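Novice:
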Amino acid sequence: NILIIGSLGQLGSEIALECRKRYGDDHVVLTDIRNDVNKPLVEGGPFYLVDARDGQSVDAIVKKHNIDTIYHLAAVLSARAEKDPLNAWNLNMGGLIASLEVAKANGCAVFTPSSIGAFGPTTPKQYTPQDTIQRPTSIYGVTKVAGELLCDYYYHKFDVDTRGIRFPGVISNMTPPGGGTTDYAVEIYYEAVKSHHYTCFLRGDTYLDMIYMPDAVQAAIQIMEANPARLRHRNAFNIAAMSFCPEEQAAYIRTHIPDFTISYDIDPVKQAIADSWPDSLEDYAARVEWDWKPRFDLAAMTADMLTTIQRRGE
Ligand code: VAH
Numbered sequence: 003n004i005l006i007i008g009s010l011g012q013l014g015s016e017i018a019l020e021c022r023k024r025y026g027d028d029h030v031v032l033t034d035i036r037n038d039v040n041k042p043l044v045e046g047g048p049f050y051l052v053d054a055r056d057g058q059s060v061d062a063i064v065k066k067h068n069i070d071t072i073y074h075l076a077a078v079l080s081a082r083a084e085k086d087p088l089n090a091w092n093l094n095m096g097g098l099i100a101s102l103e104v105a106k107a108n109g110c111a112v113f114t115p116s117s118i119g120a121f122g123p124t125t126p127k128q129y130t131p132q133d134t135i136q137r138p139t140s141i142y143g144v145t146k147v148a149g150e151l152l153c154d155y156y157y158h159k160f161d162v163d164t165r166g167i168r169f170p171g172v173i174s175n176m177t178p179p180g181g182g183t184t185d186y187a188v189e190i191y192y193e194a195v196k197s198h199h200y201t202c203f204l205r206g207d208t209y210l211d212m213i214y215m216p217d218a219v220q221a222a223i224q225i226m227e228a229n230p231a232r233l234r235h236r237n238a239f240n241i242a243a244m245s246f247c248p249e250e251q252a253a254y255i256r257t258h259i260p261d262f263t264i265s266y267d268i269d270p271v272k273q274a275i276a277d278s279w280p281d282s283l284e285d286y287a288a289r290v291e292w293d294w295k296p297r298f299d300l301a302a303m304t305a306d307m308l309t310t311i312q313r314r315g316e
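For the sequence shown, the residue numbers in UniProt numbering are 3 to 316.
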């Protein structure tokens with residue numbers, strides 16, 4: 003059985019939905035710090051209101067539901083974390099080590115997302131290698147590198163089956179992202195449909211690695227189903243799907259909404275974070291060790307996002 007901590011967030015909600023489809027509602031237990039969003043998830047199977055740092059409550063849930071895999075998806079994202087670094091450290095690291103301790107006590111595997119945010123200005127920016135310099139300059143990135151090291155430590159020291167993925171900016175249309183630097187790439191689609199215009203908080207030539215949610219969800223499930231004997235890496239794997247900038251994304255939107263226009267009102271904090279991150283990643287380790295392969299490129303994602311948002315009339 004699977005436990006998803008932070009199950010109502012941008013990543014958590016869609017991994018929860020897919021896991022319930024694949025494994026059955028009662029085999030996927032959800033927790034979050036709130037329960038006032040994503041009602042179908044809260045009411046569709048076992049759900050508990052839990053603070054991710056509350057190891058005792060998580061341990062009781064793991065024992066009650068015979069959990070063998072924990073997806074630890076509770077975290078404060080990059081831009082929001084910069085506003086309150088101490089809170090970001092306490093939640094991101096306090097939550098993670100609580101899950102790792104529970105996993106160690108109960109023999110669970112643990113999935114923890116890392117991010118392109120785990121890289122910094124001294125990291126090679128083009129085709130960032132799997133094994134390279136990681137000196138991020140955001141507190142979010144500090145917690146992501148610390149998280150990768152902590153998960154590898156629990157694997158080597160206590161034999162906890164920890165696995166992780168360095169996600170690019172995730173683009174989705176079910177649950178809004180929670181204060182990330184890549185949120186522009188989600189908002190732009192909603193604004194394109196609503197007003198045919200978007201004011202972007204990053205420069206038009208800012209390249210970042212991005213991934214469409216269906217590919218992100220597939221990767222998170224595929225890595226946990228992978229044969230552990232094939233894994234040379236654990237925390238965390240680079241994966242890549244597409245690398246683009248706001249100007250390029252706007253051009254693809256215009257193939258569907260010809261009069262779409264974009265303007266810029268740069269957010270200096272978010273721009274500094276984005277400038278410290280890679281432009282593109284290489285993901286050979288994920289492809290070789292657990293058969294990672296993206297399905298969506300910018301054209302396919304743009305078509306799917308716009309038609310989904312238009313169909314909902316948002
Ligand atoms: C953020 N969406 O912007 C997250 C992610 C790579 C970006 O970590 O903080």
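The beta-carbon is built from N, C-alpha and C at its ideal position, and this holds for glycine as well. Just so we're clear, the structure is a prediction, and the values are computed from it rather than from any experiment.
Rounded C-beta distance between S80 and Y142? I'm assuming under 8 Å.
Specialist: About 4 Å; that satisfies the 8 Å criterion.
Novice: Starting from H199 and walking both ways along the beta strand (DSSP E), at which residues does that stretch end?
Specialist: 199-202
Novice: Applying the criterion that 16 or more other CB atoms from any shown protein chain within 10 Å of the CB defines a buried residue, is S101 buried or exposed?
Specialist: buried
Novice: Excluding five sequence neighbours on each side, which residues of the same chain lie with their C-beta closer than 8 Å to the C-beta of A222?
Specialist: L13, I17, Y73, F113, P115, I167
Novice: Taking 7 Å as the cut-off, does the CB of Y191 come closer than this to any heavy atom belonging to the ligand VAH?
Specialist: no
Novice: Beta-carbon within less than 8 Å of residue 326's beta-carbon, same chain only, minus the 5 sequence neighbours each way: which residues are those?
Specialist: Given that the chain is displayed from residue 3 to residue 316, the structure contains no residue 326 and the question cannot be resolved.
Novice: Assuming G149 is part of the alpha helix (DSSP H), what are its boundary residues?
Specialist: 141-160
Novice: Can you tell me whether P270 is buried or exposed, with buried defined as 16 or more other CB within 10 angstroms of its CB?
Specialist: exposed
Novice: Would you identify the three-state DSSP class for A238, choosing helix, strand or coil?
Specialist: In the structure shown, A238 sits in coil (DSSP, three-state: anything other than H, G, I, E or B).
Novice: Assuming A111 is part of the beta strand (DSSP E), what are its boundary residues?
Specialist: Membership of A111 in the beta strand (DSSP E) is indicated by the continuous run 111-117.
Novice: Kindly identify the DSSP beta-bridge partner or partners of Y266.
Specialist: C202
Novice: Could you work out which residue in L283, N37, A62, D27 is closest to G47 when comparing CA atoms only?
Specialist: D27
Novice: What are the boundary residues of the alpha helix (DSSP H) that Y254 is part of?
Specialist: 248-256
Novice: Which residue or residues does DSSP assign as beta-bridge partners of T33?
Specialist: I7, Y50
Novice: Per DSSP, what are the beta-bridge partners of L283 in this structure?
Specialist: T130
Novice: Thinking just about the alpha-carbon of each residue, which of T183, G182, V290, D207 is nearest to the one in N229?
Specialist: V290
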